[in-house]
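Protein chains in written order, with the numbering used here: chain A, 1 to 213; chain B, 214 to 426.
No residue lacks a Cβ here, since even glycine has one placed at the ideal position from N, Cα and C.
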């Protein structure tokens, strides 16, 4: 299958980078095609704004969904958005690889979602193309993420609450909203206090997880 | 009191802009001091990266919390971060004004959170300064937000789920995490299909809400 890894971490020696690299090698070894959108390395523009629309359809009233619909229809979205859309179209599986910051995605990844999963490309609300009818149906998506906190902090009843609950805006209201099937999330907790042996064990665990996909 | 409005919408004729403007006038009329961080107008840098740290304490291993702690301690964070921190210190009440995109904040606002609410400034995990002990305790924060969907879509059992649940990563894991007290969220639903009368009614409702704060 074709796999697109959307990777968001500012540091190439991070555990997130190692997880991304491990996924590339494991998936390629298994005969899959892999592309990586390394958002930091690409200096991906995080902020959805009027520059995203090369020929605004309405200069008096800027409506994000309206401009996105027109931009998709007319091929007048900014080139970096279109390039990402091509990769998404190509992919059978998307992997979102990122550290949990503030119980959510880093801004650069949120910007990728805001800009790339445009109305008319990923969903079409006017035509009811969402959830099971979402325009990206047939694809799967996996969240692979790391947290500094121990798992008990991010559990039901823990101080932060259940992390799976916090990431619902990504796995349900984004991935499933666009019609994609969610693969169970891969979590690594306690990042930053692990020694090399523990890091390697987590990379091995991810490798096994990916081999069973 | 001193009020800081952190405002994130790309279009000055949006309902979010009108809500922000209404808050400024109502709060000033009531004798409060108001500052606005208009993130789009400021072209606020959304992406936390190594350029945020003018004198990295560790060039071999980039740790976000470690660099933030050192940057706060030594006054070596990027000037735009320090300017926002000064406003936060000054404020008794923070108002987050933004449209809900993907059941969450726009990337530019997430970037403000990632960069400004730094370790050592807003929380200090090593010293247990979080939640009730958070470094921003004594302040309050209000989420004022708009959604295109009708409220029943964003309710328990609705297709998107309870919006208050999705925003928990902001009101609990961000605002309360830093020690601030949460003021009940102000929601406007059905944005984009309202006529002028309905828009005005929502602005009046916000005005009344703010007067009772």
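Short Cβ contact (9 Å threshold) for residue i with residue j
| i | j | result |
| --- | --- | --- |
| residue 360(B) | residue 401(B) | yes |
| residue 54(A) | residue 77(A) | yes |
| residue 136(A) | residue 167(A) | no |
| residue 426(B) | residue 327(B) | no |
| residue 298(B) | residue 257(B) | no |
| residue 179(A) | residue 138(A) | yes |
| residue 288(B) | residue 172(A) | no |
| residue 64(A) | residue 210(A) | no |
| residue 62(A) | residue 320(B) | no |
| residue 96(A) | residue 144(A) | yes |
| residue 4(A) | residue 72(A) | no |
| residue 175(A) | residue 109(A) | no |
| residue 283(B) | residue 269(B) | yes |
| residue 169(A) | residue 316(B) | yes |
| residue 222(B) | residue 311(B) | yes |
| residue 202(A) | residue 194(A) | yes |
Of the listed residues the options, nearest to residue i (C-alpha basis)
| i | options | result |
| --- | --- | --- |
| residue 362(B) | 313(B), 293(B), 215(B), 306(B) | 313(B) |
| residue 134(A) | 119(A), 108(A), 177(A) | 177(A) |
| residue 280(B) | 222(B), 358(B), 320(B), 337(B) | 337(B) |
| residue 159(A) | 414(B), 345(B), 364(B) | 345(B) |
| residue 11(A) | 181(A), 4(A), 23(A), 41(A) | 41(A) |
| residue 343(B) | 394(B), 304(B), 269(B), 307(B) | 394(B) |
| residue 306(B) | 411(B), 412(B), 246(B) | 246(B) |
| residue 412(B) | 235(B), 221(B), 214(B) | 235(B) |
| residue 79(A) | 91(A), 90(A), 52(A), 185(A) | 52(A) |
| residue 215(B) | 303(B), 407(B), 332(B), 406(B) | 303(B) |
| residue 82(A) | 58(A), 105(A), 112(A) | 112(A) |
| residue 396(B) | 377(B), 243(B), 370(B) | 377(B) |
| residue 192(A) | 370(B), 339(B), 419(B) | 339(B) |
| residue 206(A) | 190(A), 196(A), 185(A) | 185(A) |
| residue 190(A) | 151(A), 197(A), 36(A), 105(A) | 151(A) |
| residue 36(A) | 24(A), 29(A), 30(A) | 24(A) |
Identified DSSP bridge partners for residue i
| i | result |
| --- | --- |
| residue 394(B) | 353(B) |
| residue 326(B) | Answer by DSSP bridge pairing: none, since residue 326(B) is not bridged. |
| residue 384(B) | In the DSSP output, where bridge partners are listed per residue, residue 384(B) has none listed. |
| residue 372(B) | Paired residue(s): none; residue 372(B) is not in a bridge. |
| residue 36(A) | 5(A) |
| residue 342(B) | 337(B) |
| residue 314(B) | 317(B) |
| residue 294(B) | Looking at the DSSP assignment, residue 294(B) forms no beta bridge with any residue, so it has no partner. |
| residue 157(B) | What the structure shows of chain B is the stretch from 214 to 426, and residue 157(B) is not part of that stretch, so it cannot be assessed. |
| residue 309(B) | 219(B), 356(B) |
| residue 266(B) | 290(B) |
| residue 119(A) | 123(A) |
Cross-chain neighbours of residue i in chain B, by beta carbon under 9 Å
| i | result |
| --- | --- |
| residue 48(A) | 223, 314, 319, 320, 321 |
| residue 111(A) | 259, 260, 319, 320, 321, 323, 324 |
Contacts of residue i in chain A (Cβ-Cβ under 8 Å)
| i | result |
| --- | --- |
| residue 435(B) | Chain B is shown only over 214 to 426; residue 435(B) falls outside these bounds and no answer can be derived. |
| residue 327(B) | 101, 102, 106, 107 |
| residue 392(B) | Correct list: empty, because the minimum Cβ distance to chain A is about 13 Å. |
| residue 405(B) | 63, 65 |
Proximal chain B residues relative to residue i, where beta-carbon distance stays under 7 Å
| i | result |
| --- | --- |
| residue 61(A) | 226 |
| residue 128(A) | Residues of chain B passing the Cβ test: none, with the nearest at roughly 11 Å. |
Chain A contact residues for residue i, given Cβ-Cβ distances below 7 Å
| i | result |
| --- | --- |
| residue 382(B) | 102, 103, 104, 166 |
| residue 344(B) | 159 |
| residue 253(B) | 49 |
9 Å Cβ cut-off: residues of chain A touching residue i
| i | result |
| --- | --- |
| residue 427(B) | Given a span of 214 to 426 for chain B in the structure shown, any question on residue 427(B) remains unanswerable. |
| residue 288(B) | What residue 288(B) touches in chain A: nothing, since even the nearest Cβ is about 21 Å away. |
Exposure label - residue i; buried when at least 16 CB within 10 Å
| i | result |
| --- | --- |
| residue 229(B) | buried |
| residue 119(A) | buried |
| residue 428(B) | Because chain B is modelled from 214 through 426, residue 428(B) falls outside the range shown and cannot be assessed. |
Residue i CB to nearest heavy atom of the ligand GTP below 8 Å
| i | result |
| --- | --- |
| residue 222(B) | Looking at this structure, you won't find the ligand GTP or any other ligand, since it has none at all. |
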